[in-house]
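Here's the structure we're looking at; comments come further down.
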Ligand SMILES: Nc1ncnc2c1ncn2[C@@H]1O[C@H](COP(=O)(O)OP(=O)(O)OP(=O)(O)O)[C@@H](O)[C@H]1O
Ligand SMILES: [Mg+2]
């Protein structure tokens, strides 16, 4: 099947000042450091990894909000055009984003119904009455009661606001929804409702999701495929059941060991990673994880392992795992 989204060797560097050096040459921060994946229509790719590993930067590169340093993003086989041009604006209708903070994503001065209808106005679709009706239908579909339609964002709860954001993101019938921590600002009791809603909407509208979250249980629940990032690279990728039940890469093993039971057996202990937290300005040579890896071998500090098929189609970048083929991700 043709991928809806194809990401090939994506790289994004930032020039940053070295600590303590006011006038010195800027250093290079490698936020995204050779990332490749593909996402079929209507499917969900979960993106996980510790804070600062490059998940949000990847999301912004995918949407064309940031230009890549190198590499490419293809949407239905064509490169995502440069930001703010007419071609990019046309494509943005098909690719929408749901952020962590629903209040920040909404305009405090406008009633929510107006904001849900706004994308239709921007693209010049329908009459005012038709736009209003579509917005109201969609707000009902995402579970917002009618008496909230003319309220302002600050008059709504966090969960209600995220429903408004979701309705606005869906009104142009996008093919791709990029969700960057869509539930982390919500009350735990509301999180499950918003996730269920997202899944219902995905099923009804056949929208593909790039789903970023620190909540591994939720990622496991919603994803068709999960990619684990470490210091700007995908170091393991596979179907959620297999990846969470039998993580292959030592970093994924540590990540999964931190998830509370029932998936972890009582005898299995949480793996505490040693060594300094990763610094994307000073990425260790070879495997970037080797200074913290409990099983590192001499080769790990010398040679960068490529993401390769290692186990029944699963992908991992680790010298401990003998590649069964030289095929790389994507
Ligand atoms: N505009 C910028 N200038 C310099 N560095 C940046 C910039 N934006 C992001 N970074 C750096 O790039 C790296 C990746 O950031 P990113 O926001 O993608 O991480 P993340 O995986 O989304 O983290 P979190 O889970 O905390 O949201 C971090 O080290 C961050 O400090
Ligand atoms: Mg982020």
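In this note's numbering, the protein residues as written are 23 to 352. Even for Gly, the Cβ is constructed at its ideal location relative to N, Cα and C. In this text, all values refer to a predicted model and were calculated from it rather than measured experimentally.
| query | result |
| --- | --- |
| CA-to-CA distance, residue 244 to residue 217, given in whole angstroms | 8 Å |
| As assigned by DSSP and simplified to three states, the class of residue 64 | coil |
| Three CB pairs or more closer than 8 Å across the region 200-208 and the region 72-90 | yes |
| Exposed unless 16 or more other CB atoms sit within 10 angstroms - verdict on residue 304 | exposed |
| Cβ neighbour criterion (16 or more within 10 Å) applied to residue 325 | exposed |
| Every unbroken alpha helix (DSSP H) within the region 84-118, with a cutoff of 4 residues, ordered by chain | 108-114 |
| Any non-hydrogen atom of ligand 2 within 6 Å of residue 78 CB | yes |
| Backbone CA spacing between residue 58 and residue 258 [nearest angstrom] | 12 Å |
| Rounded separation between residue 145 and residue 223 - CA only | 22 Å |
| Residue range of the alpha helix (DSSP H) that includes residue 268 | Looking at the DSSP string, residue 268 is not in any alpha helix (DSSP H), and its letter there is neither H nor E. |
| Cα-Cα separation, residue 69 to residue 110 | 24 Å |
| Anticipated Cβ contact below 8 Å, residue 255 with residue 339, distance rounded | 7 Å |
| Residue 149, buried or exposed, once every other Cβ within 10 Å from all chains shown has been counted against 16 | exposed |
| Between the CA atoms of residue 193 and residue 156 - distance to the nearest angstrom | 8 Å |
| Pair within 7 Å by beta-carbon distance, residue 336 and residue 260 | yes |
| beta-carbon residue 230 near ligand 1 non-hydrogen atom, thresh 6 Å | no |
| Where the alpha helix (DSSP H) containing residue 280 begins and where it ends | Residue 280 -> no alpha helix (DSSP H), and no H or E assigned at all. |
| Alpha helix (DSSP H) runs contained entirely in the region 128-153, provided each spans 4 or more residues | 134-144 |
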